[in-house]
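Peer 1: Read in order, the letters of the sequence shown are residues 12 to 407 in the numbering used here.
Below is the structure I would like to discuss, written out as structure tokens.
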Amino acid sequence: MRAIEISSGVKWVGTLDPQLRVFDVVMRAEHGTTYNSYLVVGKEKTALIETNKGKFSSLFIENLSRVVDPAKIDYIVMNHMEPDHSGALPELLTVAPNAKLVMTKPGKSLVENIINRPLPEAILVSDGDIIDLGGKTLEFMIEPFLHWPDTMFTYLKEDEILFPCDFLGAHYCDDRLFDDEVGNYDYAFKYYFQAIMRPFKEHVRRAVARVEGLKVKVICPSHGPIIRSGVKKALDHYKSWAAPEEPEGKRLLLVLYVSAYGNTTKMADAVAEGARSQGVDTEIFDLTGTDDSMLLDEVEKASGIAVGSCTINGDALPHAWNFLSSLLTVKVKGKTAGAFGSYGWSGEGPVMLTERLKGLKFKVPEAPVRIRLVPTPEDLENCRAFGAKLAEAIKS
Ligand code: FEO
Numbered sequence: 012m013r014a015i016e017i018s019s020g021v022k023w024v025g026t027l028d029p030q031l032r033v034f035d036v037v038m039r040a041e042h043g044t045t046y047n048s049y050l051v052v053g054k055e056k057t058a059l060i061e062t063n064k065g066k067f068s069s070l071f072i073e074n075l076s077r078v079v080d081p082a083k084i085d086y087i088v089m090n091h092m093e094p095d096h097s098g099a100l101p102e103l104l105t106v107a108p109n110a111k112l113v114m115t116k117p118g119k120s121l122v123e124n125i126i127n128r129p130l131p132e133a134i135l136v137s138d139g140d141i142i143d144l145g146g147k148t149l150e151f152m153i154e155p156f157l158h159w160p161d162t163m164f165t166y167l168k169e170d171e172i173l174f175p176c177d178f179l180g181a182h183y184c185d186d187r188l189f190d191d192e193v194g195n196y197d198y199a200f201k202y203y204f205q206a207i208m209r210p211f212k213e214h215v216r217r218a219v220a221r222v223e224g225l226k227v228k229v230i231c232p233s234h235g236p237i238i239r240s241g242v243k244k245a246l247d248h249y250k251s252w253a254a255p256e257e258p259e260g261k262r263l264l265l266v267l268y269v270s271a272y273g274n275t276t277k278m279a280d281a282v283a284e285g286a287r288s289q290g291v292d293t294e295i296f297d298l299t300g301t302d303d304s305m306l307l308d309e310v311e312k313a314s315g316i317a318v319g320s321c322t323i324n325g326d327a328l329p330h331a332w333n334f335l336s337s338l339l340t341v342k343v344k345g346k347t348a349g350a351f352g353s354y355g356w357s358g359e360g361p362v363m364l365t366e367r368l369k370g371l372k373f374k375v376p377e378a379p380v381r382i383r384l385v386p387t388p389e390d391l392e393n394c395r396a397f398g399a400k401l402a403e404a405i406k407s
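Right under this line is the structure:
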């Protein structure tokens, strides 16, 4: 892959990974991805922004060497340290021994534990620091939790180009590279937001507002197309997807359950009824008939969840566990939760689910409700009381 000019003195020098189908174990990547790296050549100094995934080190250095002698690189700007950004660093440093590394303080601590060597010579930058390359000024914007604590953006003032790391990226591989040439990749762009940025919405809102205050002609993210025609559209999407979910005053409890014989279903209905009796809205989902990924928006909107599962062979059912595992990309800390379920022998399921809910940092005000086999009217009253308690916790 040849280097591609973005503006005078600024080139894409990354690699393409069209065969990738799963990124970081948990993300689908039907269209592969790109590991974007950018060379910025000033009148006096040269900077490389981002490196590459370790597996692509040799290819990356080969591509880079076609446009610059790596020994002439003065700075390597590390916006973020996840291995798809830092993996090529050790090999790169062997051919770019004169380069000074530029990163945030949290980034240094992370990368030292990724490449397993100390970097005492690294330049640690703060928000607003600049490096003048000679007619090309790099300004660093510290933007933590987009999506790691180390993240920063780099802004090239003269060219009005923003290098925002994973922010505004997509796993979408197309060697035409620019957003107005690759065709519609809206799905990949949104999926990337949901999988990577969704847990950090307040940080997204802060960053979007900041970027809107800059003059930005081109956005050069770390993955996927370079955005030159759709800058406003991309920012508007992020603004809309990161908008606060819970309207003032609205309270919602999701009741999600899996039931073998219908007993846990009856419990779910009673839990929801109890919550409604306290003025909290409810939505009920049978986890055998839902796609977990479609429930994530519902969880974000909700103030709390009640998860029900019957117990089979000493465990809750996979539907409940899979649902809880899918919450990896949703911020649930502080939401209210509780577990319930029917059982025949020993009833461990709801107990185990309760511990998991605590581990996910839900607020868990009540012990689990467990009912042996078919619930009696009195059992259902207990379920209603359980739902009412969850509702009270939501309102408190
Ligand atoms: Fe592109 Fe956070 O890794």
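Don't be surprised by glycine CBs; every beta carbon is placed ideally from N, CA and C.
Do the region 109-125 and the region 159-166 meet, that is, are 3 or more Cβ pairs less than 8 Å apart?
Peer 2: yes
Peer 1: Where DSSP assigns a beta bridge to residue 163, which residues make up the other side?
Peer 2: 153
Peer 1: Which one of 364, 179, 194, 193 has the shortest CA to CA distance from residue 202?
Peer 2: 179
Peer 1: Check each candidate in 292, 145, 362, 286 and name the one with the smallest Cα separation from residue 399.
Peer 2: 286
Peer 1: Since residue 62 sits in a beta bridge, which residues does DSSP pair it with?
Peer 2: None; residue 62 has no bridge partner.
Peer 1: In the DSSP assignment, find the alpha helix (DSSP H) that holds residue 197 and state where it starts and stops.
Peer 2: Looking at the DSSP string, the run of the alpha helix (DSSP H) that includes residue 197 is 197-203.
Peer 1: Could you tell me whether any non-hydrogen atom of the ligand FEO is closer than 6 Å to the CB of residue 93?
Peer 2: yes
Peer 1: Decide yes or no for the touch test of the region 191-199 against the region 316-335: beta carbon pairs closer than 8 Å, at least 3 of them.
Peer 2: no
Peer 1: Between which two residues does the alpha helix (DSSP H) holding residue 291 run?
Peer 2: For residue 291, no alpha helix (DSSP H) encloses it, and the DSSP letter there is neither H nor E.
Peer 1: What do you get for residue 325, buried or exposed, if any count of 16 or more other CB atoms within 10 angstroms of its CB means buried?
Peer 2: exposed
Peer 1: Ignoring anything shorter than 4 residues or poking outside the region 229-287, list the alpha helix (DSSP H) runs there in chain order.
Peer 2: 242-252
Peer 1: Hey, is residue 85 close to the ligand FEO, as in C-beta under 6 Å from one of its heavy atoms?
Peer 2: no
Peer 1: State yes or no: is the C-beta of residue 18 nearer than 6 Å to some heavy atom of the ligand FEO?
Peer 2: no
Peer 1: I need the boundaries of the alpha helix (DSSP H) containing residue 212, first residue and last residue.
Peer 2: 212-223
Peer 1: Let me know if residue 143 comes out buried or exposed under the rule of 16 or more other beta-carbons within 10 Å of its beta-carbon.
Peer 2: exposed
Peer 1: What is the DSSP secondary structure of residue 374, reduced to helix, strand or coil?
Peer 2: strand
Peer 1: Using a Cβ distance threshold of 8 Å, determine whether the region 13-22 contacts the region 206-219, with at least three qualifying pairs required.
Peer 2: No: fewer than three Cβ pairs fall under 8 Å.
Peer 1: To the nearest angstrom, how far is it from the Cα of residue 69 to the Cα of residue 76?
Peer 2: So the alpha carbons of these two residues sit roughly 10 Å apart.
Peer 1: Which residue spans inside the region 32-78 form an unbroken alpha helix (DSSP H) run of at least 4?
Peer 2: 68-76
Peer 1: Tell me, to the nearest whole angstrom, how far the beta carbon of residue 340 is from that of residue 205; I am working on the premise that it is less than 8 Å.
Peer 2: 6 Å
Peer 1: When you compare only the Cα positions, how much space is there between residue 222 and residue 283?
Peer 2: Residue 222 and residue 283: Cα-Cα distance of roughly 43 Å.
Peer 1: Within the 7 Å Cβ cut-off, does residue 296 reach chain D?
Peer 2: Protein chain content of the structure displayed is limited to a single chain, and chain D is not contained in it.
Peer 1: What are the complete beta strand (DSSP E) segments, minimum 3 residues, inside the region 307-343?
Peer 2: 315-320
Peer 1: Does the distance between the C-beta of residue 288 and the nearest non-hydrogen atom of the ligand FEO fall short of 6 Å?
Peer 2: no
Peer 1: Hey, is residue 233 close to the ligand FEO, as in C-beta under 6 Å from one of its heavy atoms?
Peer 2: True, at least one ligand heavy atom lies under 6 Å from that Cβ.
Peer 1: If we ignore side chains and look at the alpha-carbon of each, how far apart do residue 401 and residue 271 end up?
Peer 2: Cα to Cα, residue 401 sits roughly 24 Å from residue 271.
Peer 1: Expressed to the nearest angstrom, what Euclidean distance is found between the alpha-carbon atoms of residue 183 and residue 361?
Peer 2: 41 Å
Peer 1: Please report the residue range of the alpha helix (DSSP H) in which residue 97 lies.
Peer 2: 94-97
Peer 1: Sort 36, 41, 58, 52 by Cα distance to residue 28 and report the nearest one.
Peer 2: 41
Peer 1: Can you tell which of 120, 384, 304 has the C-alpha that lies nearest to the C-alpha of residue 323?
Peer 2: 384
Peer 1: At a cut-off of 6 Å, would you count residue 177 as near the ligand FEO, judging by its Cβ distance to the nearest heavy atom?
Peer 2: yes
Peer 1: Are residue 348 and residue 375 closer than 7 Å when you measure CB to CB?
Peer 2: yes
Peer 1: Just the Cα atoms here: how many angstroms apart are residue 267 and residue 136?
Peer 2: 46 Å
Peer 1: From the DSSP output, in three-state form, read off residue 304 for me.
Peer 2: helix
Peer 1: Quick check: the Cα distance between residue 91 and residue 350, rounded to an integer number of angstroms?
Peer 2: When rounded, the distance between both Cα atoms is 38 Å.
Peer 1: Tell me the DSSP secondary structure of residue 138 in three-state form.
Peer 2: coil
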